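**Student:**
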Amino acid sequence: MKEFICIVCPRGCHLKVDDDGNVTGNSCIRGEKYGKQEAIDPRRTLTSTVKIKSELVRRLPVVSSEEIPKDKVKEVVRCLDSVEVSAPIKVKDVIVKNVMGLGVDIVATRTIEK
Amino acid sequence: MKEYDLVVVGGGSAGLAASIAAYEDGVKSILLLEKEKFLGGILLQCIHNGFGLHEFNEQLAGPEYAQRFVDKFMSYGIEYKVDTMVLGINEDKSIIYSNKEDGYSIVKAKAIIMSTGCSERTRGAIAIPGSRPSGILTAGLAQRYLNIDGYLVGKRVFILGSGDIGLIMARRMTLEGAKVLGVAELMPYSNGLNRNIVQCLHDFDIPLYLSHTVSNIIGKDHLEKIVVSKVDDKMNFIEGSEMEFEVDTLLLSVGLLPSNVLLEDMGMEMSSTRGPKVNEMMETCKEGIFACGNSLHVHDLVDFVTKEGREAGKGASRYLKGLVTRNEECLECVAGDGISYVIPQYVHVSNVDDNVEFKFRVRSPMENKKIVIKINDQVIKSVVKLHLLPAEMETVVVKKGEFTSNNGKLVIEVEER
Ligand SMILES: Cc1cc2nc3c(=O)[nH]c(=O)nc-3n(C[C@H](O)[C@H](O)[C@H](O)COP(=O)(O)OP(=O)(O)OC[C@H]3O[C@@H](n4cnc5c(N)ncnc54)[C@H](O)[C@@H]3O)c2cc1C
Ligand code: SF4
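Below, the structure written as structure tokens:
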């Protein structure tokens, strides 16, 4: 049995998911879907910053192009510690391709011109 | 003295949206003034994602959300000055600013939009007994140090206040290698969004202590230890409930306050939100001066800031084109039972285009209630809400035809179903 708080809407239902993936405590179908996903394969969007050589700023904010498994978030952040890029960079530029073989890219969320 | 139709003070989400809306509505002589080196405002340091669900139907990181508006602003070629601090506004709508290039200068405007954002409360810290070593700072400042300057302020951290910025920083600092020992919230409920409690605290097993606060601060030069105590329903420390945490950093996330020194210096009266009172087009009590965004009232969603910025931009354009119908008749809009504030505070029904979107917050968490809008004690609209939280701004739209009177009092209140 796993317990979660549903985050799909502000109501925040307390969900219980048993070992067969049956969800209880939800008030609507969206909560059931969320509970199942959280129990089987919880994923999160990762955001962080990397070093950038630029006249204007020191850090470039980045995001994972898709959600990654929750238990991989810390490792990916560590792996970004050693990344350094140089301006110019545009929003959506790929900073790390297929990070740690997860099939997800790390992309820029800010344009830095110089 | 150089003159513009419209001068916008503050280049965050609100100021950008306001400038863009005014430009698109035909105002071409616009100048935007921003004190930081970049346009975009506070969002540039909010690197987490979750912005833009209403505006773009996708989840963007803060800087990316801001970038979309900066790009649009730039594509219109609207004039702007960064690294430029606005120092004062005169009765005749002349604006005093200073920067490296122009020195101390004055420009004149026919209309002004104020979008100067908010600052973080520090009140919580002032009230805590004990010493004042270094290592105590606001969550937003720590966010700026980490996300803009790349500098982690501490290794063992405690957070006072469960506002969203504190929650977000709990996750961010944990991922950067700090140990976050807990979050204390004075109230019996959190002021942060559920999503942030789950993804920033639960994900990392960071405890949230509700009805708790910091009761002592210990440390000579640098913070060494804090004491956290439970409080009773009168907010007094409960003896025997003390917990000690060895920390080098205490982050304060105890709320935000609209920044309005410029308007206060003009002698403008502030409302209970600490922002100016405005009418249906976001115009303050001084004709031709408009306000929007976090300097009007603190928003939790930037999408709503953008929307409000647009309203102010359109209002200013309407004013500049002489389309405003003004007569003495006006509704005063006030917060009734269970509601902490209502915006706008005044509505001139004759000047309403289509409708008015009222924004308000409830005083405490509630379930299954009715939001009722009354004009001079007569109910004109009622909406059922299953869940109401102070952390989430609510809105109700009233169409022009639904206003049953042009003057008197409009009250928004919570009633039992
Ligand atoms: C730390 C923090 C975290 C947030 N997290 C989220 C979130 O996770 N999700 C979400 O949807 N919303 C979030 N918000 C809310 C949302 O981002 C803000 O409400 C929104 O960005 C505010 O826009 P604004 O334009 O009103 O203010 P700001 O972005 O603060 O812009 C105000 C601008 O005015 C400038 N200024 C001020 N005074 C002067 C002066 N005298 N002269 C010249 N310029 C001046 C400032 O430099 C600043 O650039 C957060 C807000 C804060 C403060
Ligand atoms: S289960 Fe449905 S009602 Fe409950 S929080 Fe989730 S989405 Fe909202």
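Protein sequences, first through last, are from chains A and B.
Here our numbering is used: the first residue of the first sequence is 1, the next is one more, and so on.
Here our numbering is used: the first residue of the second sequence is 1, the next is one more, and so on.
Ideal Cβ placement from N, Cα and C applies to all residues, glycine included.
Note that this is a predicted model, so its numbers are computed, not measured.
By DSSP, does C333(B) sit in helix, in strand, or in coil?
**Tutor:** The residue labelled residue 333(B) in the question sits at position 333 within the second sequence. In this structure, C333(B) counts as strand in the three-state DSSP scheme.
**Student:** Helix or strand or just coil, what does DSSP make of R361(B)?
**Tutor:** Translated into the one-based positions of the second sequence, residue 361(B) becomes position 361. Three-state DSSP puts R361(B) in a strand.
**Student:** Please list the residues of the region 137-165 of chain B that have a C-beta atom closer than 7 Å to any C-beta atom in chain A, keeping them in chain order.
**Tutor:** Those residues of the region 137-165 of chain B that come within reach of chain A (Cβ to Cβ, closer than 7 Å) are N147, I148, D149, G150.
**Student:** Residues of chain A with CB closer than 7 Å to the CB of A485(B), please, in chain order.
**Tutor:** Chain B is shown from 1 up to 417; residue 485(B) falls before or after that span and cannot be answered.
**Student:** Closer than 6 Å to a non-hydrogen atom of ligand 2 - does that hold for the CB of R195(B)?
**Tutor:** By one-based count along the second sequence, residue 195(B) stands at place 195. Outside the cutoff, so no.
**Student:** So what's G130(B) in DSSP terms, helix, strand or just coil?
**Tutor:** Indexing the second sequence from 1 puts residue 130(B) at position 130. G130(B): strand per DSSP, three-state reduction.
**Student:** With a threshold of 8 Å, are at least 3 pairs of Cβ atoms found where one atom belongs to the region 352-359 of chain B and the other to the region 149-165 of chain B?
**Tutor:** The region 352-359 of chain B, when compared against the region 149-165 of chain B, does not touch it at the 8 Å Cβ threshold.
**Student:** Closest Cβ-Cβ distance between I47(B) and chain A: below 7 Å?
**Tutor:** Locating residue 47(B) in the second sequence gives position 47, where the first residue counts as 1. Yes - at least one Cβ of chain A is within 7 Å of the one on I47(B).
**Student:** Short of 6 Å in beta carbon distance, which residues of its chain neighbour R274(B), apart from the five on each side in sequence? Order them along the chain.
**Tutor:** To locate residue 274(B), count along the second sequence from 1; it is residue 274. Cβ neighbours of R274(B) beyond the five flanking positions: L257, P258.
**Student:** Going by the C-beta, is V8(A) closer than 6 Å to any heavy atom of ligand 2?
**Tutor:** By 1-based counting over the first sequence, the position of residue 8(A) is 8. At least one heavy atom of ligand 2 is nearer than 6 Å to the Cβ of V8(A), so yes.
**Student:** What are the residues of the region 182-203 of chain B that lie near chain A, defined by any Cβ-Cβ distance shorter than 8 Å?
**Tutor:** Answer in chain order: L193, N194, R195, I197, V198, Q199, H202, D203.
**Student:** Check whether chain B comes within 7 Å of G12(A), counting only Cβ atoms and requiring the distance to be less than that.
**Tutor:** On the first sequence, position 12 is the one that residue 12(A) refers to. Output row for G12(A): interface = yes.
**Student:** On the three-state DSSP scale, how would you describe M281(B)?
**Tutor:** As a first step, residue 281(B) must be located in the second sequence, where it is residue number 281. Reduced to three states, the DSSP call for M281(B) is coil.
**Student:** Do you know how far the Cα of M243(B) is from the Cα of K225(B)?
**Tutor:** Numbered from 1 along the second sequence, position 225 holds the residue referred to as residue 225(B). Numbered from 1 along the second sequence, position 243 holds the residue referred to as residue 243(B). Cα-Cα distance, rounded: 10 Å.
**Student:** Using only CA atoms, which one of K72(B), K108(B), D83(B), K359(B) lies nearest to N279(B)?
**Tutor:** One-based indexing of the second sequence puts residue 279(B) at position 279. The candidate whose alpha carbon is nearest that of N279(B) is K359(B).
**Student:** What residues in its chain sit with their C-beta under 8 Å from that of D265(B), if we drop five residues either side in the sequence?
**Tutor:** The count along the second sequence starts at 1 and reaches residue 265(B) at position 265. Contacts found: G88, I89.
**Student:** Give me the chain B residues within the contact set of R30(A), using Cβ-Cβ distance strictly less than 9 Å, ordered along the chain.
**Tutor:** The residue labelled residue 30(A) in the question sits at position 30 within the first sequence. Chain B residues near R30(A): none, gap ~14 Å exceeds 9 Å.
**Student:** Can we count S27(A) as close to ligand 2, meaning its CB is less than 6 Å from some heavy atom?
**Tutor:** Here residue 27(A) refers to the residue found at position 27 when the first sequence is read from its first residue. Because some heavy atom of ligand 2 lies under 6 Å away, the Cβ of S27(A) counts as near it: yes.
**Student:** Please confirm whether any heavy atom of ligand 1 lies closer than 6 Å to the CB of T122(B).
**Tutor:** Against the second sequence, residue 122(B) aligns to sequence position 122. Checking the Cβ of T122(B) against ligand 1 gives no.
**Student:** Mind reading off the beta-carbon distance from E3(B) to T84(B)? Whole number of angstroms is fine, and I expect it under 8 Å.
**Tutor:** Walking along the second sequence from the start, residue 3(B) turns up at place 3. Walking along the second sequence from the start, residue 84(B) turns up at place 84. With 8 Å as the limit, E3(B) and T84(B) do not qualify as a contact, their Cβ atoms being about 17 Å apart.
**Student:** Check whether chain B comes within 7 Å of V91(A), counting only Cβ atoms and requiring the distance to be less than that.
**Tutor:** Within the first sequence, the letter at position 91 stands for residue 91(A). Taking Cβ atoms only, chain B reaches closer than 7 Å to V91(A), which makes this a yes.
**Student:** Just to confirm before moving on: does the CB-CB distance between K399(B) and Q345(B) stay below 7 Å?
**Tutor:** Taking the first residue of the second sequence as 1, we reach residue 399(B) at position 399. Taking the first residue of the second sequence as 1, we reach residue 345(B) at position 345. No, they are not a contact pair.
**Student:** Strictly under 7 Å for the Cβ-Cβ distance: is E287(B) near chain A by that measure?
**Tutor:** Residue numbering aside, residue 287(B) sits at position 287 when the second sequence is read from its first letter. Not closer than 7 Å to any Cβ of chain A, the Cβ of E287(B) fails to qualify, so no.
**Student:** Taking the straight line between their C-alpha atoms, what separation do you get for K37(B) and V82(B)?
**Tutor:** As a position in the second sequence, residue 37(B) is number 37, starting the count at 1. As a position in the second sequence, residue 82(B) is number 82, starting the count at 1. Cα to Cα, the separation comes out at about 5 Å.
**Student:** Can you tell me whether DSSP reads N294(B) as helix, strand or coil?
**Tutor:** The residue given as residue 294(B) occupies position 294 in the second sequence. Helix at N294(B).
**Student:** At a Cβ threshold of 7 Å, is E64(B) touching chain A?
**Tutor:** Within the second sequence, numbered from 1, the residue matching residue 64(B) stands at position 64. Yes, E64(B) counts as interfacial toward chain A.
**Student:** Looking only at C-alpha atoms, which of I380(B), I412(B), M393(B), V384(B) sits nearest to G401(B)?
**Tutor:** Mapped onto the second sequence, residue 401(B) falls at position 401. Among I380(B), I412(B), M393(B), V384(B), the Cα nearest to that of G401(B) belongs to I380(B).
**Student:** Would you mind giving the Cβ-Cβ distance between G338(B) and R363(B), rounded to the nearest angstrom? I have them listed as a contact below 8 Å.
**Tutor:** For the purposes of this step, residue 338(B) is taken as the residue at position 338 of the second sequence. For the purposes of this step, residue 363(B) is taken as the residue at position 363 of the second sequence. About 6 Å separates the two Cβ atoms, so the contact holds.
**Student:** Please name the residue, chosen from I20(B), N407(B), A139(B), that lies closest to G326(B) on a Cα-to-Cα basis.
**Tutor:** Position 326 of the second sequence, counted from the first residue, corresponds to residue 326(B). Reading off the sequence shown, one finds Arg at residue 326(B), where the question assumed Gly. Of the candidates I20(B), N407(B), A139(B), the one whose C-alpha sits nearest the C-alpha of R326(B) is N407(B).
**Student:** In this structure, how does DSSP classify N355(B) when only helix, strand and coil are distinguished?
**Tutor:** Locating residue 355(B) in the second sequence gives position 355, counting from the first residue. Strand at N355(B).
**Student:** Go to R274(B), then tell me how far its alpha helix (DSSP H) extends in each direction, as first and last residue.
**Tutor:** Counting from one through the second sequence, the residue named residue 274(B) turns up at place 274. Note, R274(B): premise wrong, no alpha helix (DSSP H); not H, not E.
**Student:** Since M74(B) is in the beta strand (DSSP E), which residue starts that stretch and which ends it?
**Tutor:** By one-based count along the second sequence, residue 74(B) stands at place 74. Careful: M74(B) lies outside any beta strand (DSSP E), inside the alpha helix (DSSP H) at 62-75.
**Student:** So, at 8 Å on beta carbons, what are the nonlocal neighbours of D300(B) in its own chain, with the 5 sequence-adjacent residues on each side left out?
**Tutor:** Counting from 1 along the second sequence, the entry for residue 300(B) is found at position 300. Counting only Cβ-Cβ distances below 8 Å, and skipping sequence neighbours, we find D164, L193, A391, E392, M393.
**Student:** What would DSSP say about M169(B), mapped onto helix, strand or coil?
**Tutor:** Position 169 of the second sequence, counted from the start, is the residue given in the question as residue 169(B). In this structure, M169(B) counts as helix in the three-state DSSP scheme.
**Student:** Note the first and the last residue of the continuous beta strand (DSSP E) segment covering T418(B).
**Tutor:** Here chain B covers residues 1 to 417 and nothing more, so residue 418(B) does not appear.
**Student:** Check the Cβ-Cβ distances between L389(B) and every residue of chain A, and say whether any is below 7 Å.
**Tutor:** For this step, residue 389(B) is matched to residue 389 along the second sequence. True, the Cβ-Cβ gap to chain A drops below 7 Å.
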